[in-house]
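Asks: 4 is the number of the first residue of the sequence shown in our numbering; add one for each residue after it. Below is the structure I would like to discuss, written out as C-alpha cells.
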Amino acid sequence: MPISLQAIVFDYGNVLSEPQNAAEIRGMASLLDLPLDEFEKSYWHFREAYDAAKFTPEEYWDKVARMAGRTLSPPQTGDLIELDSLSWMYPRMAIVEWAGLVRRGGFRTGLLSNMPVTLRDAIERCAWLPDFDQRTFSCDVEITKPSPEIYIHCLSGLGLAPGDVLFLDDREPNVHAARDVGMHALQFTTLTDVAREIERSFDIPAPVAATVRTGDEEDE
Numbered sequence: 004m005p006i007s008l009q010a011i012v013f014d015y016g017n018v019l020s021e022p023q024n025a026a027e028i029r030g031m032a033s034l035l036d037l038p039l040d041e042f043e044k045s046y047w048h049f050r051e052a053y054d055a056a057k058f059t060p061e062e063y064w065d066k067v068a069r070m071a072g073r074t075l076s077p078p079q080t081g082d083l084i085e086l087d088s089l090s091w092m093y094p095r096m097a098i099v100e101w102a103g104l105v106r107r108g109g110f111r112t113g114l115l116s117n118m119p120v121t122l123r124d125a126i127e128r129c130a131w132l133p134d135f136d137q138r139t140f141s142c143d144v145e146i147t148k149p150s151p152e153i154y155i156h157c158l159s160g161l162g163l164a165p166g167d168v169l170f171l172d173d174r175e176p177n178v179h180a181a182r183d184v185g186m187h188a189l190q191f192t193t194l195t196d197v198a199r200e201i202e203r204s205f206d207i208p209a210p211v212a213a214t215v216r217t218g219d220e221e222d223e
C-alpha cells in the first residue's frame with residue numbers, strides 16, 4: 004500500500020539547484036592564485052562552520068585564504084563572496100517546477116538546507132525559487148544537517164509529524180538522519196530514479212504523478 008504524505012521537504016544544493024558550477028569554482032581559485040584541488044580543500048574545510056553561522060563571510064574567506072598561505076584585500080573578499088553565491092545559483096528546473104506543482108496540488112512543501120547567510124540572501128531574491136510553507140536554513144538556526152535538531156525545526160514549521168513528510172537530499176548521511184527522526188527520505192540521484200521510487204512507494208496526487216512521469220520521459 005502506498006504511503007500517504009502531507010508534505011515534501013527539499014534540499015537546495017544538488018536537488019533544487021544543479022551541482023556547484025565549475026566556472027565560478029575556477030574563478031575563486033584564480034582569485035586566490037591556487038590550484039583547484041588546493042582551493043577546494045580550503046573551501047570545504049571551514050564550510051560546515053560557515054553554514055552554521057559560526058563565522059561571518061569575511062572571517063570565513065580569511066580562514067580559507069590563510070589555510071592556503073594567502074591574504075585577501077576587501078575587494079577580493081567581496082569578489083569571492085559574489086562568485087561563491089553565483090556558483091550555487093543554477094536551478095534544476097525540472098525539480099523547481101515540480102516543487103511548485105506539488106504545492107499547488109495540495110501538499111505542504113519545505114526547504115531545508117545547509118548554507119551561509121550570503122547564499123540564503125541570494126537565493127531568496129531569485130525569481131525562479133518556488134514558494135515554500137517552511138524554509139529552514141542552517142545559517143538561521145546555527146545548526147547543520149545531519150543534526151536532528153534542524154529536521155525538527157523544519158517539521159515544527161510545517162506543523163506536521165515526521166511520518167507525514169518526505170525529505171529529498173543528495174547526501175546519504177542527511178537522508179539517514181531524516182529517517183532517524185521518523186521522516187521518509189530518499190537520496191536524490193537523478194530525477195528519473197527518484198520519480199520512480201516516489202510513484203512506487205508513496206500516494207502522490209495525480210498532478211504530481213503526471214509531472215513526475217513527464218520528468219522521466221524528458222530524462223530518457
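In this text, a Cβ means the ideal position worked out from N, Cα and C, and glycines have one as well.
Under 8 Å Cβ to Cβ from Val197, same chain only, skipping five residues before and after it: list those, please.
Replies: Cβ neighbours of Val197 beyond the five flanking positions: Leu171, Leu189 and Phe191.
Asks: Is it buried or exposed for Arg1, if we count other Cβ within 10 angstroms and need 16 for buried?
Replies: Limits of the chain in this structure are 4 at one end and 223 at the other, which puts residue 1 out of reach.
Asks: If you reduce the DSSP assignment to three classes, tell me which class Thr214 lands in.
Replies: Only weak support exists for where Thr214 lies, its pLDDT of 44 falling under 50; the coordinates are left without a value.
Asks: Which same chain residues, not among the five before or five after Asn17, have their C-beta less than 6 Å away from its C-beta?
Replies: Asp173
Asks: Let's test the definition: count the other Cβ atoms within 10 Å of the Cβ of Ser159 and tell me whether it reaches 16, buried, or not, exposed.
Replies: exposed
Asks: Taking Cβ positions, are Ile84 and Pro60 nearer each other than 7 Å?
Replies: Ile84 places its beta carbon less than 7 Å from that of Pro60.
Asks: Kindly indicate which residue of Ile6, Phe13 and Tyr53 has the alpha-carbon position closest to the one of Asp134.
Replies: Phe13
Asks: Pull up the DSSP beta-bridge partners for Ile155, would you.
Replies: In the DSSP secondary-structure assignment, Ile155 is not bridged to any residue.
Asks: What did DSSP end up calling Phe13 once you bin it into helix, strand or coil?
Replies: It is a strand residue.
Asks: Determine the burial state of Ala32: buried for a count of at least 16 other Cβ atoms within 10 Å of its Cβ, exposed for fewer.
Replies: buried
Asks: Out of curiosity, what's the CA-to-CA distance linking Leu114 and Glu21?
Replies: 15 Å
Asks: Could you tell me which uninterrupted beta strand (DSSP E) segments, each at least 3 residues in length, are contained entirely in the stretch 130-174, listed from first to last along the chain?
Replies: 137-140 and 168-172
Asks: Quick check: does the Cβ of Leu158 come within less than 6 Å of any heavy atom belonging to the ligand ZN?
Replies: Among the components of this structure there are no ligands whatsoever, and the ligand ZN is therefore not found.
Asks: Over the uninterrupted alpha helix (DSSP H) stretch that includes Arg29, give me the two end residues.
Replies: Ala25 to Leu34
Asks: For Glu152, does the count of other Cβ atoms within 10 angstroms reach 16, so buried, or fall short, so exposed?
Replies: So Glu152 counts as exposed.
Asks: Relative to the C-alpha of Ala26, which candidate in Phe140, Met186 and Ser88 has its C-alpha closest?
Replies: Ser88
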